[in-house]
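Trainee: Here the protein sequences line up with chains A and B, keeping their order.
Counted the way the working numbering counts, the first sequence spans residues 98 to 418.
Counted the way the working numbering counts, the second sequence spans residues 5 to 544.
Cβ coordinates follow ideal geometry from the N, Cα and C atoms, glycine included.
Quantities reported herein were computed from a predicted structural model and do not represent experimental measurements.
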Amino acid sequence: MNSHAPTTPNASRAKPPKPKLRSTLSFMLKYKTLYLLAVPGVVYFLVFKYVPLLGSVIAFQNYNLFKGFTGSPWAGLAHFQKMFAHYDFLRILKNTIYLGLLDIAIAFPAPIVLALLLNEVRKLAFKRTVQTIIYAPHFLSWVIISGIFVGILSPSSGFVNTMLSWFGIEPIYFLVENAWIRPVLVGSGVWRDVGYGTIIYLAALTSINPELYEAAEMDGANRWKQTLAITLPSLLPVITVLFLLKIGDFLDFGFERVFVFQNSLNLDSSEILDTFIYKAGLQQMQYSYATAIGLFKSIVGLTLLVIANTLSRRATGESLY
Amino acid sequence: MKKRSSIFLVSVLMISLLAACTQSPSATPSTDAPPASGGTATEKPADDKPSEPEAPKEPTKFSIGMRTLNVKYVENHANINDDPYVKALERFTNTDLDIRLIPHAEYETKMVQMFATNDLTDVIQASGGISGKELAGSVEAGVFVDLKPYLEEHGKALLETIPEAAWERVTDAEGHIYGIPEYLGNPSRRATWIRMDLLEKTGLPVPKTVDEFLEVLRAFKKLGVEEPFAGRAEFKYADTFFGAYDVFGYGNELELVDGKMQPKFLDVENMQAAIGVYKTMYDEGLMSKEFATVNPNTFKATITSGKAGMWSMNANELPIWGEQLVNNVPEAKVALIPSPIGPDGKGGYSLYSPVTRSFLITKQAEDKVVDIIKFFEWQTTEEAKLFFSYGLEGTDYAMNGSEPAYKAPETNEELDKQRYLNYWLWMVQDTTYNELVLSQTEEGRALIEIYDTMLANEGRDGYEFNDPLEAWVNNPDINPFSDRYPPLINEHIMKMVFGQEPIADWPKVIEEWRSKGGDALIEEATKKYNEGAVVYAPQR
Numbered sequence: 098m099n100s101h102a103p104t105t106p107n108a109s110r111a112k113p114p115k116p117k118l119r120s121t122l123s124f125m126l127k128y129k130t131l132y133l134l135a136v137p138g139v140v141y142f143l144v145f146k147y148v149p150l151l152g153s154v155i156a157f158q159n160y161n162l163f164k165g166f167t168g169s170p171w172a173g174l175a176h177f178q179k180m181f182a183h184y185d186f187l188r189i190l191k192n193t194i195y196l197g198l199l200d201i202a203i204a205f206p207a208p209i210v211l212a213l214l215l216n217e218v219r220k221l222a223f224k225r226t227v228q229t230i231i232y233a234p235h236f237l238s239w240v241i242i243s244g245i246f247v248g249i250l251s252p253s254s255g256f257v258n259t260m261l262s263w264f265g266i267e268p269i270y271f272l273v274e275n276a277w278i279r280p281v282l283v284g285s286g287v288w289r290d291v292g293y294g295t296i297i298y299l300a301a302l303t304s305i306n307p308e309l310y311e312a313a314e315m316d317g318a319n320r321w322k323q324t325l326a327i328t329l330p331s332l333l334p335v336i337t338v339l340f341l342l343k344i345g346d347f348l349d350f351g352f353e354r355v356f357v358f359q360n361s362l363n364l365d366s367s368e369i370l371d372t373f374i375y376k377a378g379l380q381q382m383q384y385s386y387a388t389a390i391g392l393f394k395s396i397v398g399l400t401l402l403v404i405a406n407t408l409s410r411r412a413t414g415e416s417l418y
Numbered sequence: 005m006k007k008r009s010s011i012f013l014v015s016v017l018m019i020s021l022l023a024a025c026t027q028s029p030s031a032t033p034s035t036d037a038p039p040a041s042g043g044t045a046t047e048k049p050a051d052d053k054p055s056e057p058e059a060p061k062e063p064t065k066f067s068i069g070m071r072t073l074n075v076k077y078v079e080n081h082a083n084i085n086d087d088p089y090v091k092a093l094e095r096f097t098n099t100d101l102d103i104r105l106i107p108h109a110e111y112e113t114k115m116v117q118m119f120a121t122n123d124l125t126d127v128i129q130a131s132g133g134i135s136g137k138e139l140a141g142s143v144e145a146g147v148f149v150d151l152k153p154y155l156e157e158h159g160k161a162l163l164e165t166i167p168e169a170a171w172e173r174v175t176d177a178e179g180h181i182y183g184i185p186e187y188l189g190n191p192s193r194r195a196t197w198i199r200m201d202l203l204e205k206t207g208l209p210v211p212k213t214v215d216e217f218l219e220v221l222r223a224f225k226k227l228g229v230e231e232p233f234a235g236r237a238e239f240k241y242a243d244t245f246f247g248a249y250d251v252f253g254y255g256n257e258l259e260l261v262d263g264k265m266q267p268k269f270l271d272v273e274n275m276q277a278a279i280g281v282y283k284t285m286y287d288e289g290l291m292s293k294e295f296a297t298v299n300p301n302t303f304k305a306t307i308t309s310g311k312a313g314m315w316s317m318n319a320n321e322l323p324i325w326g327e328q329l330v331n332n333v334p335e336a337k338v339a340l341i342p343s344p345i346g347p348d349g350k351g352g353y354s355l356y357s358p359v360t361r362s363f364l365i366t367k368q369a370e371d372k373v374v375d376i377i378k379f380f381e382w383q384t385t386e387e388a389k390l391f392f393s394y395g396l397e398g399t400d401y402a403m404n405g406s407e408p409a410y411k412a413p414e415t416n417e418e419l420d421k422q423r424y425l426n427y428w429l430w431m432v433q434d435t436t437y438n439e440l441v442l443s444q445t446e447e448g449r450a451l452i453e454i455y456d457t458m459l460a461n462e463g464r465d466g467y468e469f470n471d472p473l474e475a476w477v478n479n480p481d482i483n484p485f486s487d488r489y490p491p492l493i494n495e496h497i498m499k500m501v502f503g504q505e506p507i508a509d510w511p512k513v514i515e516e517w518r519s520k521g522g523d524a525l526i527e528e529a530t531k532k533y534n535e536g537a538v539v540y541a542p543q544r
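#1: Assign W197/B to one of two classes, buried (16 or more other C-beta atoms within 10 Å of its C-beta) or exposed (fewer than that).
#2: Beta-carbon separation of P232/B and G313/B under 7 Å?
#3: Between the C-alpha atoms of I201/A and K343/A, what's the straight-line distance to the nearest angstrom?
#4: Would you say Y128/A faces chain B, with C-beta separation under 7 Å as the test?
#5: With DSSP as the reference, label K164/A as helix, strand or coil.
#6: Mind pulling the chain B residues with CB within less than 7 Å of N360/A?
#7: Assuming T99/B contacts P63/B under a Cβ cut-off of 8 Å, what Cβ separation, rounded to an integer in Å, is found between them?
#8: If you draw a straight line from the C-alpha of E415/A to the C-alpha of V257/A, how long is it?
#9: With burial defined as no fewer than 16 other Cβ atoms inside 10 Å of the residue's Cβ, what is the status of Y427/B: buried or exposed?
#10: Hey, does Y184/A have any beta-carbon neighbour from chain B nearer than 7 Å?
#11: If you compare alpha carbons, which of W517/B, A278/B, L390/B, K378/B is closest to E4/B?
#12: Consult DSSP for V149/B and reduce its assignment to one of helix, strand or coil.
#13: What does a CB cutoff of less than 8 Å around D243/B pick up in its chain, not counting 5 residues either side in sequence?
#14: So what does P2/B bridge to, in DSSP terms?
#15: Grab me the residues of P358/B's own chain with a C-beta within less than 6 Å of its C-beta, minus the 5 sequence neighbours each way, in chain order.
#16: Which of the three DSSP states, helix, strand or coil, is assigned to D480/B?
#17: Where does the unbroken alpha helix (DSSP H) through W325/B begin, and where does it stop?
#18: Starting from S131/B, trace the beta strand (DSSP E) in both directions and tell me its first and last residue.
#19: Just to make sure I have the definition right: I need the residues of chain B whose C-beta is within less than 9 Å of the C-beta of N270/A. Which are they?
#20: For N534/B and H180/B, what's the separation of their Cα atoms in angstroms?
#21: Let's test the definition: count the other Cβ atoms within 10 Å of the Cβ of Y540/B and tell me whether it reaches 16, buried, or not, exposed.
#22: So does the segment 379-395 of chain A actually touch the segment 308-317 of chain A, counting three or more Cβ pairs closer than 8 Å?
#23: Between the Cα of D371/B and the Cα atoms of S309/B, V127/B, R104/B, which residue gives the shortest distance?
#24: Specify the secondary structure class of P413/B as computed by DSSP and reduced to three states.
#25: Could you run through the segment 126-154 of chain B and flag, in chain order, every residue whose CB is less than 8 Å away from some CB of chain A?
#26: Residues in the segment 248-281 of chain B with C-beta within 9 Å of chain A's C-beta atoms, listed in sequence order?
#27: Can you list, in chain order, the residues of its chain whose CB lies under 6 Å from that of G255/A, leaving out five sequence neighbours each side?
#28: For M285/B, go through chain A and note every residue whose CB falls closer than 9 Å to its CB, in chain order.
#29: Label R354/A either buried or exposed according to how many other C-beta atoms from any shown protein chain fall within 10 Å of its C-beta, with 16 as the threshold for buried.
#30: Using a cut-off of 7 Å between C-beta atoms, extract the partners of S251/A located in chain B.
#31: Taking Cβ-Cβ distances shorter than 7 Å, what residues in chain B pair up with M382/A?
#32: For a test of the three-state rule: what should DSSP assign to A140/B, helix, strand or coil?
#33: Entirely within the segment 144-220 of chain A and at least 4 residues each: give me those alpha helix (DSSP H) ranges in chain order.
#34: On a CA-only basis, which of R104/B, K65/B, Y77/B is nearest R95/B? Give me that one, please.
#35: Report yes or no: do three or more beta-carbon pairs, one from the segment 388-408 of chain A and one from the segment 332-351 of chain A, lie closer than 8 Å?
#36: Pull up the DSSP beta-bridge partners for P185/B, would you.
Structural data, given as structure tokens:
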């Protein structure tokens, strides 16, 4: 980092500065205090966010812990080839994408709907209580959540199967059925985070000008019409930004969340890139291989983010950047 | 003025930040630097006082990194280096220890971090021998001192006390010895447990064969026992019947068939029979229908609340689990019985490695090796045996003439302390059981008897390689765990037990296993074996 920083000014001093550059420099000089103030932040990001990115080079090496980046032999794209050639790669990628899509389709709108519903609640005390209760699961760890779900989904003693039996349905061992594991994974995520996710929407809702509602009421709009015509459009910028961020994390379904629910009977549907990276990279200590998969994941995420951002900017005018 | 002071403030901030930054890269590893140079720089020169040969020697100061092993006494201690027993150990051995704890759960990652940042202690504790994953290739990278010449000159008692099989596990292909092992004289640690009171109610004799075991389980079911056999996810601690048919698939369970080194589960006939037993148990409700999601806590709760009739657990847990069970179910009587025998007349669980922990000395401490070896050697003496078993004379026990009078611990704290002394602080010993402590009580003497007569005669073992085989490392799906089948194999066993696949399809499973790296594994293992790479033969 230190070696890179001074090169630009030096290079500019060697050549006769172009007029544009000079005006930039004088502009910077004029606001030097602001620039100085920005320096700690920039340094922070360089040191803690960008320099570690260079560590990704081990994806192209046969990394040896004792030789470091400098001493490890280069492997080219071998680890990427190995990843694509793996007999299960397609299945794992498919699972990852499928779970990501399910998550966007179900877990993303859930807090919006919930926030709109809460917004309609008139009794303040009731609303506060509900909010507190639905926040709570967010602070439980996945290990505990998996314990809870194993309990309530148990075929012999679980609450869900007891309910099913009232309708004469045979008990289902949800956690070992490939067909059920995805709903369980997405559902447990919704259960854990839906309340927490409403915070930001509820905050956005309070900022809507009440006069809009009064005007709409004058025009004879009922509550449903008001929601459609005022509340939702006002929330749209927040929804768009959060949606774009979500797209960027598309393949990041979360390692722990899946890992705690995995067992040998549901692997067909539950193995995703994150759990595969953990098994291949950390359990077997294949750092280069795991980094290659991780890098692939990040690149896919970045590409999707850029595409979605462009689409969104063209369609709605809202975008991240 | 105002502006100037703000510029000053900002630049101070910036400089302090930069200073902090420039320090951090230097703290990251310069892995090229020889590890030895770091140590010698901080050490005083050895020939500091050459003119006083007979003066009492200064205590040898060294640091040692140790896994906490979930020992509560250690984990709850404010500073283990201030512990009276550590102080006593230092007095006995004329050392000055600096123990650095490595959290049990994060052991592997913490160790790798230690190596990556070159922040090593003088002595490092490995789990098992020198081929453990946590060592991350450091042995080959030359991080440790070859102890062989030192041991031959200064550690004769160690060489004599510790069995050959244990030394093998810390010796590399070239014959260098890189660690001092804590060993298991009897590697058969797990046992089959049964509720004797229930068995008496059924009127059946103690079962021996697989069929007799099933009969007992059915009788338990009739008595209303909820889980006649306590199952657990991935058959961990529930692999009793795979042992009867000798078809384990763990890293130490390879066998030589027609000149080929291969896992035992390739034996189609026996494997199908073993899966069949589990399927029968599953179908008839002799084990929980939900065993696929039973974790260690549920497993223990099922047993100690009296819901199970038979299960598998480490034999040395008998006093603790037995007592907890009796607290809940006063009429319960637990016994360890010989494991079910298969067609070859043998049975039992996969044997443990003869090395439970080993202690490696890093090159930065090369100048202290002799004193460190003496520290470990003291632990094989009678004096050490008394200290690590009972504690300190005067505070923990009194001498009754020549016989020590020791009061067995009763409270949880006392039990924790005993565990700490017996199994944690005592680094080099036969850790099968603590003879002095067990011989104090009747149950203890019975347990010794079980170890020496029953468990010593059962257990399954196979060939094991020093370095993990590459075909395993490259294919996580076929890579076994220390006491669980490889994921791929486990998946199919489970599907067959749950009735999703026919057991007759086992040959197809083997085909799949072969195509996903199994063939490469057999080839590599056979080649390594023929080349005489470090291979451990079956212990039994």
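Mentor: Let me lay it out:
#1: buried
#2: yes
#3: 8 Å
#4: no
#5: coil
#6: What N360/A touches in chain B: A237, A296, T297.
#7: 5 Å
#8: 42 Å
#9: buried
#10: Yes - at least one Cβ of chain B is within 7 Å of the one on Y184/A.
#11: For chain B, the structure presents residues 5 to 544; residue 4/B sits outside this window and is missing.
#12: V149/B falls in the coil class under three-state DSSP.
#13: F252, S316, Y353, S354, D487
#14: Examination of residue 2/B is not possible in this model, given that chain B is present from 5 through 544 alone.
#15: A169, A170, Y187, L188, P191
#16: Reading off the sequence shown, one finds Pro at residue 480/B, where the question assumed Asp. Here P480/B carries a helix assignment [DSSP, helix/strand/coil].
#17: 322-332
#18: Where S131/B is concerned, the enclosing beta strand (DSSP E) stretches over 127-131.
#19: It should be noted that the sequence gives Tyr, not Asn, for residue 270/A. Chain B residues near Y270/A: K293, E294, A296, T297, F502.
#20: 21 Å
#21: buried
#22: In short, these stretches do not touch, since the Cβ pair count stays below three.
#23: V127/B
#24: The answer is coil: DSSP assigns P413/B none of H, G, I, E or B.
#25: K137, A140, G141, S142, A145, V147
#26: Listed by position along the chain: nothing, the set is empty.
#27: I249
#28: Residues of chain A passing the Cβ test: none, with the nearest at roughly 16 Å.
#29: Here R354/A is buried. Its C-beta has 16 or more other C-beta atoms within 10 Å.
#30: Within chain B, the residues placing a beta-carbon under 7 Å from that of S251/A are E294, ordered along the chain.
#31: Per Cβ cutoff of 7 Å: K137, A140.
#32: coil
#33: For the segment 144-220 of chain A, the full-length alpha helix (DSSP H) segments reaching 4 residues or more read 165-168, 175-182, 186-199, 206-217 along the chain.
#34: K65/B
#35: yes
#36: DSSP, once it has assigned bridges, lists S362/B as partnering P185/B.
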